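Residue numbering for the sequence shown follows this note's numbering, starting at 907 and increasing by one per position.
I have placed the structure first, in the form of structure tokens, so that the comments after it can refer back to it.
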Amino acid sequence: MRIDIVTLFPEVALAPLSDSIIQRARAAGIVEVRAHQLRDWSQDKHRRVDDSPCGGGPGMVLQPEPLFAAVAALRGPDTRVLLMTPQGRPFKQALARELAAEAHLLILCGHYEGVDQRVIEALVDLELSIGDYVLTNGAVAAAVVCDAIIRLLPGALGDARSSEDESFSDPQLLEAPSYTRPIEYRGMRVPEVLVSGHHGNIVEWKHQQALARTRANRPDLLVPHMTNQRPARGGGCELL
Ligand code: ADE
């Protein structure tokens, strides 16, 4: 897979992708990631890429010319063009899996009050938001999206089961709690079931814990799909 990121802050986008698992995936050739300076496509002698919003209002809007030029330079026949923006579609694990199957992602990062709407209409295949809050720029959001996608690529994680058995593998359940040695620490013991060696009981315990955690922290994941069916992995859910 190849990923190109176009941003005013290439170092910000690349920093989180330059260590640990993601850096190893890059070094192994599983993914090629490049970050480009949007100003390199500015046609202005001061390298400006923004202007004030038509109709008035605060802030600045990214102009169309540099973004059209960047996309023309970087887009190929198999490219999916994404725009990071708080107005985008929510980025979830299912979308990370879908995007991990693409050959080439071109990620445009918004800044200031946003980007000229003609860019979105003419060039962008998918507008993405990483959450209901506003960041100072889309480079941080692009790094989040790249991390979530790259770790899903075959060979990126040492143990492929890590990405299969985790929160949002089933989009309606968070992951169960984890413990490791020592079995007793400061008077707190690892639950007996986890050291019992009884696989069936462990599976059932994990399921109940996952449900309890989801109810406590993310009841929204359960409610819209509520049925009185007990879940099979990957779908449905239990009555609250
Ligand atoms: N740019 C600023 N805030 C953002 C968000 N929440 N998601 C994606 N891009 C953004």
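From the three backbone atoms N, C-alpha and C, an ideal C-beta is built for every residue, glycine too.
Since the structure is predicted, the reported quantities are computational estimates derived from the model, not experimental observations.
Is residue j closer than 8 angstroms to residue i when the C-beta atoms are compared?
i	j	result
R945	L914	yes
L1014	V912	yes
V1099	I1089	no
P916	H952	no
E1019	P1097	no
L968	L1029	no
V991	E938	The question names Val, but residue 991 in the sequence shown is Thr. No, Cβ-Cβ distance for T991 and E938 is not below 8 angstroms.
A1066	K1112	no
A1000	P1077	yes
V1051	F997	yes
M907	A1009	yes
So residue i and residue j are in contact, right, with Cβ under 8 angstroms, and what is the actual spacing, rounded?
i	j	result
A1116	L1080	6 angstroms
P970	D910	18 angstroms between Cβ atoms; not a contact.
S1035	R995	7 angstroms
V977	L1011	Actually they do not touch by this definition, with Cβ atoms about 12 angstroms apart.
D1031	V987	5 angstroms
I1056	A1062	6 angstroms
D1038	L923	The Cβ separation is near 24 angstroms, so there is no contact.
V1129	A1045	The Cβ separation is near 34 angstroms, so there is no contact.
Taking residue i as part of the alpha helix (DSSP H), name the residues at either end of that continuous run.
i	result
P916	P916 to L920
G994	Element bounds for G994: not the alpha helix (DSSP H) but the beta strand (DSSP E), T985 to P996.
C1052	G1044 to I1056
L1117	H1105 to N1123
Q943	No alpha helix (DSSP H) holds Q943; the beta strand (DSSP E) holding it covers E938 to Q943.
L1001	Q999 to A1006
Q929	S926 to A933
P1083	Neither: P1083 is in no alpha helix (DSSP H) and is coded neither H nor E.
P970	P970 to L980
I1089	Neither: I1089 is in no alpha helix (DSSP H) and is coded neither H nor E.
E1098	Neither: E1098 is in no alpha helix (DSSP H) and is coded neither H nor E.
Taking residue i as part of the beta strand (DSSP E), name the residues at either end of that continuous run.
i	result
L1012	H1010 to C1015
I911	R908 to T913
S1035	L1032 to S1035
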